[in-house]
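Enquirer:
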Amino acid sequence: MATIKDVAKEAGVSVATTSRVINNAPHTSETAIKAVKAAMAKLGYRPNANARALVSKSTNTIGVLVNDVSAPFFGTMVKAIDTIANQHEKQLLIGSGYHDAVKERNAINLLINSRCESLVIHSKGLDDQELIGLANEIPGLVIINRIVPQIASRCIALDNRKGSYLATEYLIRHGHKHIGYLCSSHDIEDARDRKAGYLEALKDHGLEANEEYIEYGEPDELGGEYAMTNLLSKNLPVTAVATYNDYMAAGCLAVLHENNLRIPEDISVIGFDDGDIARYVHPKLTTIRYPIQVMAEQAAKLSLQLANEKKDATQARMYMPTLVRRLSVGTAPL
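Sequential numbering from 1 applies to the sequence shown in full-length UniProt numbering.
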């Protein structure tokens, strides 16, 4: 296997010049660059990535922490970050934290030890103080889907409470007074905020909030089936259901179809996120759009800017949810 000394000898230049060419150092002559690259090609020399990282103190990578890389929501997030990475000739390193502090910490440490100067972190397990410490250590760290007040300029998030409020209010405006809610069983800020938005909308419109109308499940299709089955079994006069996300809504729709309930004639359903599934269930799902693609792209850009010591705005970027009207919500039955 060829070494850097072999390349230098073949190119007729010093080892130092060869090293500068390999590491794209400035002030290197075109003649030397062409000679070294030709020698590398002839000898089949491939620079060692770890050695280059030691010289430059960085790698050509962006680190990304997600909850679960297999979840479609996070697939969209990663794809958006990868788009920005490709534009800057970067590669991604991805870790899954599963909303668990230990797993998140281990994944972040691995990304840091891999010399990722840019990090986009979706963390629900670590507390604010630990994230503040990480942000102080890594200038290019950006947090997505969470606001940590002390490092707000490094945070990009959605107003989840407002989104759930909009969803519930939309049902109320269609005449619904008995509105159920399918809530995520995960003890994270998103779940608490979305439930709070549902309760706030009921209160603001003079409707009584009743814990009996709320059921919990995993934030996926099976969790939606489980929660909706439990809600139906109570035999409450529910005419509409708001859900934590589109996947719970899809499970909810399946249970309603199995029980011969028409949507939206007998019962209306509204989701949250506007993931791909919302357009392919029957009927097509009215939902709240979570602009994760735009947010993830912005997070990646900010992370790269901060890693390059280009200071940005001093306040958090809070994105606003919007209503997407489709076919799963109708007027309350008489």
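Where a beta carbon is used, it is the ideal one built from N, C-alpha and C, also for glycine.
1. How would you label Ala-264, buried or exposed, when you count the other beta carbons within 10 angstroms and need 16 or more for buried?
2. How do the stretch 314–325 and the stretch 151–164 stand: do at least 3 beta-carbon pairs fall below 8 Å, yes or no?
3. DSSP beta-bridge partners for Arg-179?
4. With a threshold of 6 Å on Cβ separation, who are the neighbours of Tyr-213 within its own chain once the five nearest residues in sequence on each side are excluded?
5. Run the CB neighbour count on His-176, radius 10 Å, all protein chains shown included, and call it buried at 16 or more, exposed below.
6. DSSP state of Leu-158, grouped into three classes?
7. Considering Gly-95, what are the terminal residues of the alpha helix (DSSP H) in which it resides?
8. Would you decide whether Leu-111 is buried or exposed? Buried here means 16 or more other CB atoms lie within 10 Å of its CB.
9. Report all residues from its chain with a CB closer than 6 Å to the CB of Ala-167; omit the five preceding and five following residues, and keep chain order.
10. Apart from the five residues on each side of it in sequence, which residues of its chain come closer than 6 Å, Cβ to Cβ, to Asn-50?
11. Going by DSSP, name the residue or residues bridged to Ile-188.
12. According to DSSP, is Glu-218 helix, strand or coil?
13. Would the stretch 34–44 and the stretch 62–78 be scored as touching if the rule is three or more Cβ pairs under 8 Å?
14. Check each candidate in Ala-71, Thr-3, Val-329, Val-13 and name the one with the smallest Cα separation from Arg-46.
15. How would you call Val-55, buried or exposed, if buried means at least 16 neighbouring beta carbons within 10 angstroms?
16. Would Ala-85 be called buried (16 or more neighbouring beta carbons within 10 Å of its own) or exposed?
17. Only counting the same chain, and skipping five residues up and downstream in sequence, which positions put a Cβ closer than 7 Å to that of Arg-105?
18. Straight-line CA distance for Thr-18 to Lys-42?
Expert: Once the coordinates are examined:
1. A quick correction: the sequence has Pro, not Ala, at residue 264. In the assembly as shown, Pro-264 is a buried residue. Its beta-carbon has 16 or more other beta-carbons within 10 Å.
2. Between the stretch 314–325 and the stretch 151–164 there are three or more C-beta pairs closer than 8 Å, enough to call the two in contact.
3. Sequence check: residue 179 is Ile here, not Arg. According to DSSP, which records beta bridges pairwise, Ile-179 is partnered with Ala-240.
4. Cβ within range, chain order: Gly-180.
5. Burial state of His-176 is buried, judged by a 10 Å Cβ sphere holding 16 or more other Cβ atoms.
6. Leu-158: strand per DSSP, three-state reduction.
7. No alpha helix (DSSP H) contains Gly-95, which is instead part of the beta strand (DSSP E) from 91–96.
8. Flag for Leu-111 reads buried.
9. Only Ala-242, Ile-270, Ile-288 meet the Cβ criterion.
10. A caution first: Asn-50 carries a pLDDT of 49, below 50, which makes its placement in the model unreliable, though a value can still be read off. Contacts found: none.
11. DSSP lists no partner for Ile-188.
12. Coil, per DSSP.
13. With a cut-off of 8 Å, the stretch 62–78 and the stretch 34–44 do not count as touching, because too few Cβ pairs lie within range.
14. When only C-alpha atoms are compared, the closest one is Thr-3.
15. Unreliable positioning characterises Val-55 in this predicted model, as indicated by a pLDDT of 49, which lies under 50. The coordinate reading is nonetheless provided below. It counts as exposed.
16. By the 10 Å Cβ count, Ala-85 comes out buried.
17. Counting only Cβ-Cβ distances below 7 Å, and skipping sequence neighbours, we find Leu-126.
18. One Cα belongs to Thr-18, the other to Lys-42, and the distance between them is close to 15 Å.
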